[in-house]
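In the UniProt record's numbering, the protein residues as written are 1 to 692.
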């Protein structure tokens with residue numbers, strides 16, 4: 001069940017979001033219960049229920065919205081519904097774009113009707129107050145009835161630069177130049193609602209309020225850009241990229257045919273090094289490599305050794321050579337690392353199975369039951385050989401249908417790490433520091449949504465303490481807003497769902513699209529929004545060329561829309577040349593290196609998009625306003641200092657009148673070029689550069 005405990009208090013008279021207590025009856029003999037929902041990507045691990053008496057409890061702060069949730073007991077995914085909540089909800093699979101894929105228990109949180117009862121600003125939370133380059137950003141969340149917000153800073157008034165409307169709320173954003181306030185800032189907000197005006201300050205809402213006071217030195221943020229703000233990433237699935245060294249090939253490889261099969265194709269680290277000029281030609285500034293560690297599979301998410309390189313990919317020396325040559329060309333290396341689980345063939349897991357409670361690694365994992373010694377002896381022998389097929393046969397002969405330990409879903413080959421054991425945190429901090437010492441400048445955290453919240457936060461802070469220029473990118477596959485404090489960035493599958501759900505699937509209306517984009521922007525500091533890893537495809541999704549059914553007009557719109565929205569632009573290897581492929585593993589086909597097989601039209605689209613990003617700091621680092629014109633055309637405005645770029649995107653397949661949109665834009669700003677435009681064809685777009 002869920003129960004509203006009230007609002008989280010900031011100071012006397014001020015409150016934030018809703019404190020929601022989730023609980024359920026503790027089943028007999030159950031060991032662990034996790035809260036899951038669209039806010040955890042439906043994945044267990046982020047929040048565990050604490051047992052009190054015969055029930056389990058946990059508490060989350062949530063803002064207004066509709067949520068789906070459930071409980072996973074001892075890695076059993078067969079029925080996650082809350083047995084005490086009869087209301088259910090069907091929600092999409094954000095990764096596959098399938099509507100009504102997840103059935104959860106329903107929770108709806110609405111702000112109070114009276115606009116005075118829901119006004120939120122927390123000066124200690126960077127979402128509400130932060131520095132972005134040459135501006136301080138102040139935000140205020142309200143109910144939808146509030147019409148206007150005026151920020152009064154040191155007796156000077158500022159209108160809202162942006163107003164986000166998310167369906168349940170409005171978020172007013174005020175931008176104040178850093179040279180204005182001095183060392184100390186005193187401020188409050190004046191609000192207008194139908195038939196009334198009131199103010200909001202340190203003690204909350206009133207006719208006259210005490211101002212909030214902060215010192216500018218305490219305001220968090222960035223006074224100059226980090227390299228991973230608005231960067232261009234090139235995502236390489238190493239086994240499928242290029243085989244430059246036949247001497248390290250796996251003994252058995254799968255054929256290079258379509259559809260691709262699970263198994264090795266033979267790509268290696270020397271292959272990445274040899275093709276660096278291609279990456280440079282795309283304008284990429286960082287390469288995100290899928291795992292390179294020794295493992296039992298070709299995808300290598302079942303790690304055997306976190307400190308080594310899989311011999312089928314090369315050697316440590318090959319990796320260091322790649323880092324060195326990439327750095328010479330201005331490219332940084334980001335490594336994929338699994339902190340949620342490791343491979344069943346890892347020596348730590350093998351030792352735990354062999355020595356059981358006597359092992360130093362027994363508590364590194366979460367064993368749900370104890371199999372017979374005979375079974376374990378046979379299993380350990382197969383694990384020593386990393387014989388997956390033999391292990392699979394043994395498991396099913398013994399009658400198991402799911403692992404006797406917590407795992408990645410119910411995958412036997414990937415036992416989950418026990419993040420409540422502090423030794424695991426120490427070890428993985430050491431692993432990160434070791435690779436940073438070899439020149440790595442970032443980590444993509446696999447299954448970050450399934451890592452315990454306090455562990456993930458401690459890992460993030462430890463890495464950033466000594467390596468501020470190292471980026472931490474989490475895999476988050478659904479509603480991402482609980483994870484902001486645990487990583488710099490995340491794979492923005494949520495934005496991908498919004499774009500494709502509107503333009504490819506037709507499941508979202510243009511208005512819903514604009515509201516959901518606004519929700520993303522309003523839920524992150526401006527600087528963090530520029531760090532988000534924005535993507536159309538990855539090693540876990542079908543190729544974008546397949547999803548748009550080879551519609552180049554629609555593909556061009558998607559690439560350019562993704563490029564102009566805040567965030568870093570990610571290109572999955574081969575997408576730039578029109579590489580085809582369906583679901584995993586077909587989305588991991590061998591890269592085409594014969595230019596005659598490339599789609600030059602798609603390549604040109606990517607090159608032009610990256611060039612726009614290179615030429616305009618507004619696209620890379622700028623502030624953002626999005627709005628819908630004539631219910632059909634999405635307008636995206638980006639600006640920073642003297643640079644402004646605007647995109648108009650026809651979200652429909654029909655011709656759209658844009659004369660009103662263009663007229664509104666050019667009443668407010670002049671353009672480098674005289675633009676006369678009355679309409680856009682279906683799924684067409686235009687990018688306009690202005691002078692401010």
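By construction, the Cβ of each residue, glycine as well, lies at the ideal position given by its N, Cα and C atoms. This structure is a prediction, so every number in the text was calculated from the model and none was measured.
Rounded distance between the beta-carbons of residue j and residue i, thought under 8 Å
{"i": "residue 414", "j": "residue 341", "result": "4 Å"}
{"i": "residue 638", "j": "residue 563", "result": "Incorrect: roughly 10 Å between the Cβ atoms, too far for contact."}
{"i": "residue 248", "j": "residue 343", "result": "Actually they do not touch by this definition, with Cβ atoms about 20 Å apart."}
{"i": "residue 58", "j": "residue 48", "result": "7 Å"}
{"i": "residue 288", "j": "residue 431", "result": "With 8 Å as the limit, residue 288 and residue 431 do not qualify as a contact, their Cβ atoms being about 18 Å apart."}
{"i": "residue 575", "j": "residue 536", "result": "7 Å"}
{"i": "residue 143", "j": "residue 92", "result": "Not quite, the Cβ-Cβ distance comes to about 27 Å (not below 8 Å), so this is no contact."}
{"i": "residue 581", "j": "residue 599", "result": "Not a contact, Cβ separation roughly 14 Å."}
{"i": "residue 65", "j": "residue 89", "result": "Contact flag wrong, Cβ pair sits at about 12 Å."}
{"i": "residue 166", "j": "residue 522", "result": "7 Å"}
{"i": "residue 19", "j": "residue 7", "result": "7 Å"}
{"i": "residue 184", "j": "residue 210", "result": "About 15 Å; that fails the 8 Å criterion."}
Three-state secondary structure (DSSP) of residue i
{"i": "residue 442", "result": "strand"}
{"i": "residue 77", "result": "coil"}
{"i": "residue 694", "result": "This structure cannot settle anything about residue 694, because the visible part of the chain is limited to 1 through 692."}
{"i": "residue 671", "result": "Any reading at residue 671 must be qualified, since the residue scores a pLDDT of 44, below 50, and its modelled position is unreliable; the value itself is stated next. Three-state DSSP puts residue 671 in a strand."}
{"i": "residue 402", "result": "coil"}
{"i": "residue 451", "result": "coil"}
{"i": "residue 467", "result": "coil"}
{"i": "residue 43", "result": "coil"}
{"i": "residue 538", "result": "coil"}
{"i": "residue 494", "result": "helix"}
{"i": "residue 502", "result": "helix"}
{"i": "residue 374", "result": "helix"}
{"i": "residue 30", "result": "coil"}
{"i": "residue 682", "result": "coil"}
{"i": "residue 304", "result": "coil"}
Residue i and residue j closer than 7 Å at C-beta
{"i": "residue 471", "j": "residue 506", "result": "no"}
{"i": "residue 514", "j": "residue 424", "result": "no"}
{"i": "residue 69", "j": "residue 107", "result": "yes"}
{"i": "residue 483", "j": "residue 457", "result": "no"}
{"i": "residue 492", "j": "residue 560", "result": "no"}
{"i": "residue 67", "j": "residue 45", "result": "no"}
{"i": "residue 621", "j": "residue 225", "result": "yes"}
{"i": "residue 366", "j": "residue 406", "result": "yes"}
{"i": "residue 189", "j": "residue 147", "result": "no"}
{"i": "residue 475", "j": "residue 446", "result": "yes"}
{"i": "residue 270", "j": "residue 245", "result": "yes"}
{"i": "residue 618", "j": "residue 644", "result": "yes"}
{"i": "residue 322", "j": "residue 290", "result": "no"}
{"i": "residue 345", "j": "residue 395", "result": "no"}
{"i": "residue 28", "j": "residue 5", "result": "no"}
{"i": "residue 567", "j": "residue 532", "result": "yes"}
{"i": "residue 334", "j": "residue 379", "result": "no"}
Residue of the options minimising C-alpha distance to residue i
{"i": "residue 177", "options": "136, 549, 430 and 592", "result": "136"}
{"i": "residue 660", "options": "34, 654 and 648", "result": "648"}
{"i": "residue 256", "options": "32, 588 and 634", "result": "588"}
{"i": "residue 160", "options": "115, 172, 367 and 154", "result": "172"}
{"i": "residue 240", "options": "292, 429 and 640", "result": "292"}
{"i": "residue 678", "options": "690, 658 and 665", "result": "658"}
{"i": "residue 348", "options": "394, 329, 54 and 416", "result": "416"}
{"i": "residue 126", "options": "632, 219 and 570", "result": "219"}
{"i": "residue 478", "options": "196, 213 and 494", "result": "494"}
{"i": "residue 665", "options": "597, 683, 389 and 687", "result": "687"}
{"i": "residue 303", "options": "350, 327, 331 and 85", "result": "350"}
{"i": "residue 252", "options": "616, 297 and 223", "result": "297"}
{"i": "residue 242", "options": "221, 101 and 266", "result": "266"}
{"i": "residue 361", "options": "583, 418 and 130", "result": "418"}
{"i": "residue 624", "options": "527, 329 and 601", "result": "527"}
{"i": "residue 460", "options": "480, 434, 283 and 429", "result": "429"}
{"i": "residue 329", "options": "393, 284 and 174", "result": "284"}
Identify every run of the beta strand (DSSP E) within the stretch 309-372, keeping only runs that are complete inside it and at least 3 residues long; order them along the chain.
-> Whole beta strand (DSSP E) segments, 3+ residues: 332-338.
Can you list, in chain order, the stretches of the alpha helix (DSSP H) that have 4 or more residues and sit fully within the stretch 84-166?
-> Entirely contained in the stretch 84-166, not one alpha helix (DSSP H) run reaches 4 residues.
4-residue-minimum alpha helix (DSSP H) runs that sit fully inside the stretch 544-569, ordered along the chain = 544-547 and 552-564
Along the chain, which unbroken stretches of the beta strand (DSSP E) at least 3 residues long are found entirely within the stretch 157-226?
-> 162-165, 169-177, 184-193, 196-201, 204-206 and 212-215
4-residue-minimum alpha helix (DSSP H) runs that sit fully inside the stretch 215-299, ordered along the chain = 269-274 and 276-281
Ranges of the alpha helix (DSSP H) found wholly within the stretch 567-648, counting only runs of at least 4 = 600-615 and 617-621
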